[in-house]
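One structure is given here, and the rest of the page talks about it.
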Amino acid sequence: MHIPVLLREAVDSLAVRQGGVYVDGTLGRAGHAREILLCGGAGTTLVGVDRDEQALAESAARLDGVSGAKVVLVHGCHGSIAEIVRGKGIGEVDGILLDLGVSSPQLDEAERGFSFRADGPLDMRMDRSRGVTAATLVATRTESELVEILRTLGEEPNARRIARALVQARALRPIETTGQLAELVERTVGRRGPHHPATRTFQALRMAVNDEIGELERALDGGLGLLKVGGRFAVITFESLTDRIVKRFFAAHAGHMVSLQQGGERWEGELPRVRPVTRHAVVASEQETIVNPRARSAKLRTVERMAA
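Numbering (the working numbering) for the sequence shown: 247 to 554.
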């Protein structure tokens, strides 16, 4: 069962108002979206976007008739939320939520290829109707390209050793399953500590297959432009890489005051201007991490759009 992470904290940070317009750019199984609708009540509009068609189908049933709200579900990527929302005739919105990373149902389904806990095809596509699989990526990228993926997206200190091992192994037979990949990485770098040595490799390949950094950057930029003054943007991340991107983006738009030589001060920063709702990243309580261990790495950051 999928348990939405930081549910109360995320929805509260959006300050949901009755009859507002909200966007869940990573709808998943609609845990956060349903709570937004319950808080907003009748007259609320929710645009839910997800690239996983299975998740959309399940969410449609969960959101049907909730609070008499209007629900619009779209098969697409969160990087396109600005185009999607405007394409529905909506000019501005009151709030946007992104819950990044891979969902628990995706991890639990071996055939999706996201996890090494059970052997399955090395796929990793969130949208199985398009794009190349992780198996194709591993089979076709050069050693230097694989090093860059592992180092940049997985922050893997053994990137070069793993990339070399992948190239050598694929010359003998294709690497087509999660079990093959996990075993190869473990054999290459050994096993120390509580985490599986292939964790960072799986993260890096998943991010590359789904262009997660590009999607995030486009979603942040496009989403901020959708917000009306007073609207809020909340983002939940699970990796240090994506959290840094969100933190720096929000900080750039929050800007800072600069003292002027002639006296007084002036604000400097990226437009549109925002103010932090959460001064520091909000993390899960100890009680939540006991119930849902996946919440341990979750961080929530929220900003509110201000007048220029």
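Every residue, glycine too, gets a C-beta built ideally from N, C-alpha and C.
- Looking at the backbone, the Cα of L368 and that of A276 are separated by about 26 Å.
- The C-alpha of I395 is placed about 44 Å away from the C-alpha of G265.
- Its chain contains H278, L343, A480, I482 and L546 as the residues whose beta carbon lies nearer than 7 Å to that of A256, once the 5 sequence neighbours on both sides are disregarded; these appear in chain order.
- Non-local beta-carbon contacts of R521 in its own chain, meaning distances under 7 Å to residues more than five positions away in sequence, involve A500, V549, E550 and M552 in chain order.
- Closest in alpha carbon position to G271, among F360, L462 and V455, is L462.
- Residue state for I327 is assigned as helix, using DSSP reduced to three classes.
- Burial is judged here by how many other beta carbons sit within 10 angstroms of a residue's own beta carbon; P539 has fewer than 16 and is exposed.
- The criterion of a C-beta distance shorter than 8 Å is not satisfied by L418 and M453.
- Contact check for S361 and T424: beta-carbon distance about 7 Å, within the 8 Å limit, so the pair qualifies.
- Contact check between the segment 402-411 and the segment 333-351: fewer than three CB pairs, one atom from each, fall below 8 Å, which does not count as touching.
- By the Cβ-count criterion, P250 is buried, with 16 or more other Cβ atoms from all chains shown falling within 10 Å of its own Cβ.
- When the five nearest sequence neighbours on each side are left out, the beta carbons in the same chain lying within less than 7 Å of the beta carbon of E402 are those of L396, I408, R446, T447 and A450, in order along the chain.
- Around the beta carbon of G333, fewer than 16 other beta carbons lie within 10 angstroms, which makes this residue exposed.
- Its chain contains F484 and E485 as the residues whose beta carbon lies nearer than 8 Å to that of S543, once the 5 sequence neighbours on both sides are disregarded; these appear in chain order.
- In summary, I282 is buried, with 16 or more beta-carbon neighbours lying within 10 Å of its beta-carbon over all protein chains present.
- By the Cβ neighbour-count rule, P443 is buried, with 16 or more other Cβ atoms within 10 Å of its own.
- In the structure shown, F362 falls within a coil segment according to DSSP collapsed to helix, strand and coil.
- Distance check between S349 and each of A428, T535, R512 and L273 places L273 closest, using alpha-carbon atoms only.
- Under the three-pair Cβ rule at 8 Å, the segment 369-383 counts as touching the segment 297-312.
- Using a Cβ-Cβ distance cut-off of 8 Å, the segment 512-526 and the segment 376-389 are not in contact, since fewer than three pairs of beta carbons, one from each stretch, lie closer than that value.
- Taken through DSSP and simplified to helix, strand or coil, I342 comes out as strand.
- Straight-line spacing of the CA atoms in V320 and I330 works out to 8 Å.
- Contact annotation, V262 with G286: C-beta distance approximately 5 Å; criterion of less than 8 Å satisfied.
- Excluding five sequence positions before and after V431, the CB atoms of its chain that fall closer than 8 Å to its own CB belong to I408, A411, P443, A444 and T447, given in chain order.
- With contacts defined as CB atoms closer than 8 Å, L252 and V528 qualify as a contacting pair.
- Taking 8 Å as the cut-off, the Cβ atoms of L383 and V455 count as close.
- Per DSSP, the unbroken beta strand (DSSP E) holding D270 starts and ends at V267 to D270.
- E458 is the residue among D489, E458, R437 and E511 whose C-alpha sits nearest the C-alpha of C323.
- Distance from the Cα of T434 is smallest, within the candidate group L284, A405, P351 and G460, for A405.
- Judged by their CB atoms, G325 and G460 are nearer to each other than the 8 Å cut-off.
- Counting other Cβ atoms within 10 Å of its Cβ, S531 stays below 16 and is therefore classed as exposed.
- As DSSP reads the structure, H278 sits in no beta bridge.
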